[in-house]
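Residue numbers (the UniProt record's numbering): 1 to 235.
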């Protein structure tokens, strides 16, 4: 009876160690892949992989901008449609030469996005509820870029981007209406989808970390065996 109890205890510990190892390894790999994608996005000014890696299922498409960005900034804008039919405008800004916030609550940071329709402002990141005190350019020294995500339909909208000092970086007109969530139509219209489960699994390459599982389980078994022998001797 005691051997049975010990056996069940040993198995439960092994299962616990396995799952703890799995979640630790998964978290580490996710962080590694994310940092690699951020570095690639910063280097190429292409955010396809960054959007594909997001956890929420969605489709995205690059928006062709008319504005000419100066040598201090690089800008990319994307349409994003999520499975709940929510449509988003996502704008990435890379600062090549300019000031930026060094803390999340930098009061001097005037970095912002303003979206308007027919001259009426529909979104201002500096006055949007819950974001009034946020320094948007914070993190440039870590990620190399910052981005805005606005829930909206893109239909004859004008967006304006302002820098750390409140000076206008660029303005552009968006006139590409977003349709409803229909995967086949979105694909036909040039939208890209997130990574599939299979693609994500290949990207994370958890199989390469098999040795970690073997090591942790082997150590656990050795400790359990040692405990069992000690209990037997004590008996």
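Ideal Cβ placement from N, Cα and C applies to all residues, glycine included.
Between the C-alpha atoms of residue 171 and residue 207 there is a straight-line separation of about 47 Å. Shown here, residue 87 sits in a strand according to DSSP, grouped into three states. In this structure, DSSP gives residue 94 an extended state, which the three-state scheme calls strand.
For the pair of segments examined, the region 72-92 was found not to touch the region 131-141: the number of CB pairs separated by less than 8 Å stays below three.
Counting along the chain, no alpha helix (DSSP H) covers residue 137, and no H or E run does either. Under the rule that a run must span 3 or more residues, the beta strand (DSSP E) segments found entirely inside the region 24-82 read 58-63, 73-82. Contact between residue 213 and residue 21 holds, since their C-beta atoms are separated by about 6 Å, short of 8 Å. Less than 8 Å divides the Cβ of residue 174 from the Cβ of residue 63. As far as DSSP is concerned, residue 104 takes part in no beta bridge. Here residue 13 is not bridged, per DSSP, to any residue. With respect to the 8 Å criterion, residue 190 and residue 61 are classified as neighbours on the basis of their beta carbons. The alpha carbon of residue 152 has as its nearest neighbour, out of 79, 88, 59, the alpha carbon of 88.
A direct Cα-Cα distance of roughly 43 Å separates residue 205 from residue 108. For residue 158, DSSP records a beta bridge to 116, 173. Around the Cβ of residue 112, a 10 Å sphere holds 16 or more other Cβ atoms; the residue is buried. Between residue 149 and the set 222, 98, 159, 197, the nearest pair of CA atoms involves 159.
For residue 224, the enclosing alpha helix (DSSP H) covers residues 210-234. The alpha-carbon separation between residue 156 and residue 116 amounts to approximately 9 Å. Following the DSSP letters along the chain, one finds residue 199 inside the alpha helix (DSSP H) bounded by residues 197-204. The three-state reading of DSSP puts residue 163 in coil, since its state is none of H, G, I, E or B.
Inclusion of residue 169 and residue 73 in the CB contact set at 8 Å is warranted, their separation being smaller than that value. Contact between residue 52 and residue 145 is ruled out by a C-beta separation of about 16 Å, above the 8 Å threshold. Counting C-beta atoms within 10 angstroms of its own C-beta, residue 218 has fewer than 16 neighbours from the protein chains shown and is therefore classed as exposed.
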